[in-house]
Structure formats: C-alpha cells, structure tokens
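Using the UniProt record's numbering, read the sequence shown as starting at 1 and increasing by one per residue.
Presented below is the structure to which this report refers.
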Amino acid sequence: MTRPEATLIIDLPGSDLTPQDARWLRDHPVGGVCLFARNITTPQRTARLTADIRDALSRDVLIATDQEGGAVLRRLDVPPPPTPQALGELGESAAAFHAGQIAARGLLDLGINWNFAPSLDVNVDPLNPVIGERSFGADPQRVAQLGVAWAQGSEAAGVLSAVKHYPGHGDTRVDSHEDLPVVDKTRAALEAAEWVPFRAAAQAGLGSVMTAHILYPQLDPARPATLSRTLLDGVLRGEWGYGGVIVTDAMDMGAIARRWPQGRAAGLALAAGADAVLVCGHGDRTVTDAHVRALRAAQA
Numbered sequence: 001m002t003r004p005e006a007t008l009i010i011d012l013p014g015s016d017l018t019p020q021d022a023r024w025l026r027d028h029p030v031g032g033v034c035l036f037a038r039n040i041t042t043p044q045r046t047a048r049l050t051a052d053i054r055d056a057l058s059r060d061v062l063i064a065t066d067q068e069g070g071a072v073l074r075r076l077d078v079p080p081p082p083t084p085q086a087l088g089e090l091g092e093s094a095a096a097f098h099a100g101q102i103a104a105r106g107l108l109d110l111g112i113n114w115n116f117a118p119s120l121d122v123n124v125d126p127l128n129p130v131i132g133e134r135s136f137g138a139d140p141q142r143v144a145q146l147g148v149a150w151a152q153g154s155e156a157a158g159v160l161s162a163v164k165h166y167p168g169h170g171d172t173r174v175d176s177h178e179d180l181p182v183v184d185k186t187r188a189a190l191e192a193a194e195w196v197p198f199r200a201a202a203q204a205g206l207g208s209v210m211t212a213h214i215l216y217p218q219l220d221p222a223r224p225a226t227l228s229r230t231l232l233d234g235v236l237r238g239e240w241g242y243g244g245v246i247v248t249d250a251m252d253m254g255a256i257a258r259r260w261p262q263g264r265a266a267g268l269a270l271a272a273g274a275d276a277v278l279v280c281g282h283g284d285r286t287v288t289d290a291h292v293r294a295l296r297a298a299q300a
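Encoded structure:
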C-alpha cells in the first residue's frame with residue numbers, strides 16, 4: 001500500500017537541507033517539495049539543496065516553486081519573465097510561449113522541475129486583492145490563448161506547469177490566504193468566463209492544474225473547489241476529460257485551515273479528485289506533521 005504522505009507536497013524551513021530535514025524526508029517519503037524565496041539563494045547553494053532533497057527522497061521527485069513573473073517570483077538573480085498582464089496587452093501567443101520558456105530555464109539549473117504557473121484567472125474584478133498583473137487580462141479567450149501558450153512553453157523547456165487557480169480566482173474581493181471567498185455565479189456564467197481558460201488547458205493536456213480555495217455555492221454549497229467532488233472529479237475530470245495532475249493550493253491558507261484545522265481537509269481533497277496536497281508550514285514542521293497524521297488516520 002502506498003504511504004499516504006506520498007500525496008503531499010511540502011515546504012522546507014531554510015536554504016540548506018539539515019540532517020534533521022533529511023531524516024524527516026527519509027522517514028516520510030512525500031511526493032514533492034515546494035521552494036520559496038527563503039530557500040532560493042545562490043544558484044550553487046540551491047542546486048545543492050535540490051540535489052540533497054533528491055538524495056533523501058528519489059531522483060525523480062517533483063521540486064516546485066512559483067515563478068510567474070511580476071509580483072510572484074522566487075528566483076531573483078536571473079531576468080524575470082514578463083508579467084502576464086504585459087503579455088496580455090501584447091496579445092501574441094509566441095511571446096507567451098517564449099515567456100514560459102524563460103521562466104523554465106531560470107529553474108532547470110537549480111534542479112526545479114515544476115512551476116506553479118501560470119495564472120489562468122480571468123481578471124473580472126479590477127479590485128481583486130490577489131490577481132491583478134498575475135492575469136493575462138479580462139478577456140477569457142485571450143487568457144486561454146496566452147495562458148496555454150505560456151504553459152506549453154514551460155513544458156517544452158522541461159518544466160511541468162501548473163495552471164491556476166481552478167475554477168477561477170478572478171472575481172473575488174477576499175484573499176483566500178486570509179478567508180474563504182464566495183463566488184455566487186451560475187454555471188452558465190462560469191462557462192462563459194472563468195472556465196474558458198481552464199477548459200482550454202484541459203483540452204491541451206497540460207501537466208497539472210492547481211485548485212482554488214473558493215466556494216461556488218450554485219455548484220457545491222458545502223465545500224470549496226479544492227474539496228469539491230463536483231468540481232474536481234465531476235467537471236474537470238469527468239466532463240472535460242482532464243488526465244493530468246490535480247494539485248491543491250496550500251492547505252494552510254485561511255480559507256481551508258480556519259474551517260478544517262489539523263490537516264482534516266487533506267483527505268477530503270483527495271476524495272474529491274485531487275492527486276497532490278500542497279502543505280506549507282513556513283518552517284513549522286507541526287503543520288506538515290498534522291497533515292501526515294490526518295492522512296494516515298484516513299487510510300487506516
């Protein structure tokens with residue numbers, strides 16, 4: 001039987017893998033590691049960190065980060081890709097494809113093979129506190145065209161993409177890092193706007209999709225998208241035929257952790273259709289340990 005922690009993508013506290021970190025990874029063979037700015041220092045030191053992670057886990061482990069361009073960048077010592085907003089204003093698929101390649105090339109030499117990018121959120125609400133320049137724009141078709149091209153550029157260069165935040169974070173006034181946003185739209189309204197880029201991504205067979213911690217009460221009144229079987233297994237897998245990896249956004253974010261503390265949501269996400277659960281304790285191993293315990297209890 002596969003150990004339940006194999007579904008977890010976790011973070012690490014620092015820029016070096018300490019003996020304690022390495023021992024924890026060997027004892028808890030997680031599916032991947034996500035690096036943040038605190039982990040990424042010089043190219044040589046970061047490459048050593050990723051090599052040490054692979055020594056502790058496996059050579060083919062997924063090591064991720066967020067290198068979108070603009071406000072969300074983890075590696076700062078290389079030329080960044082253009083912002084999605086700028087690419088949206090340009091409107092050229094070739095430029096978006098090249099930007100995805102640029103982002104990927106800035107990660108490969110560090111040993112990073114998974115980029116949690118690009119954002120396929122349609123920037124419906126200009127007052128949205130978390131999207132802004134991370135979006136390719138307010139036109140769903142343009143976001144689909146450019147976002148898919150960006151992701152294809154990344155994958156052509158050898159780095160798995162993760163289009164986000166399905167089913168769409170562009171029409172919210174609440175930051176899901178803090179609390180649970182609610183988007184009270186009909187299915188028809190979502191199909192005409194927010195879903196357009198994600199349907200295109202599914203049809204293009206892109207490598208992975210990251211979920212949104214947002215409640216869509218007209219589709220599932222009880223659970224946010226990350227935990228919704230209707231939206232993950234039903235729409236994304238069943239209706240759109242998506243066969244790639246479904247990874248959650250970070251489960252320590254307020255939208256989830258305030259309502260399902262101590263890792264209780266991890267099993268719900270997997271039951272809903274997710275393949276991987278992102279857990280970021282920001283240096284606090286107790287958060288990760290709680291998710292391991294919760295998954296083991298769910299499997300028992």
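Quick reminder that beta carbons are idealized off the backbone N, C-alpha and C, glycines included.
Quantities reported herein were computed from a predicted structural model and do not represent experimental measurements.
ASP55: not part of any beta strand (DSSP E); member of the alpha helix (DSSP H) spanning 43-56, first to last residue.
Beta-bridge partners of THR186 (DSSP): none assigned. Of the candidates ARG45, GLN203, PRO19, GLN203 places its Cα closest to the Cα of GLU239. In the DSSP assignment, LEU62 falls within the beta strand (DSSP E) that extends over 62-65. Ranking ASP21, GLN145, ALA51, LEU35 by CA distance to the CA of VAL72 puts LEU35 first. The alpha-carbon of ALA95 is positioned some 42 Å away from that of ASP289. Remark: C-beta atoms of TRP150 and PHE97 approach each other more closely than 8 Å. By the Cβ-count criterion, GLN101 is buried, with 16 or more other Cβ atoms from all chains shown falling within 10 Å of its own Cβ. Contact between ALA200 and VAL124 is ruled out by a C-beta separation of about 17 Å, above the 8 Å threshold. Put simply, the backbone Cα of GLY88 is about 41 Å away from that of ASP21. Look at the beta carbons and you see the segment 167-187 touching the segment 215-222: at least three pairs across the two are nearer than 8 Å. Here LEU12 carries a coil assignment [DSSP, helix/strand/coil].
Residue pairing of ASN115 in beta bridges, as defined by DSSP: THR65, SER161. With respect to ARG59, GLY91 sits apart: the two C-beta atoms are not nearer than 8 Å. ARG38 and ALA188 have their C-alpha atoms roughly 42 Å apart. Under the three-state reduction of DSSP, GLY32 is assigned to strand. As DSSP reads the structure, VAL277 sits in a beta bridge with LEU8. Annotation for SER154: the continuous alpha helix (DSSP H) segment containing it runs 140-156.
For THR288, there is no enclosing beta strand (DSSP E); the residue is found in the alpha helix (DSSP H) stretching over 285-299. VAL72: not part of any alpha helix (DSSP H); DSSP gives it neither H nor E. The C-beta distance from VAL209 to ALA250 rounds to 15 Å, too long to meet the 8 Å contact threshold. Distance from ARG75 to LEU25 at the Cβ level is roughly 22 Å; contact not present, criterion being Cβ atoms closer than 8 Å.
Distance from the CA of SER15 to the CA of THR41, rounded to the nearest whole angstrom, comes to 7 Å.
Membership of ILE102 in the alpha helix (DSSP H) is indicated by the continuous run 93-108. In this structure, the beta-carbon distance from ARG134 to SER119 falls below 8 Å. For LEU236, DSSP assigns no beta-bridge partner whatsoever. Note that the C-beta distance between THR7 and VAL277 is below 8 Å. Under the three-state reduction of DSSP, THR226 is assigned to helix.
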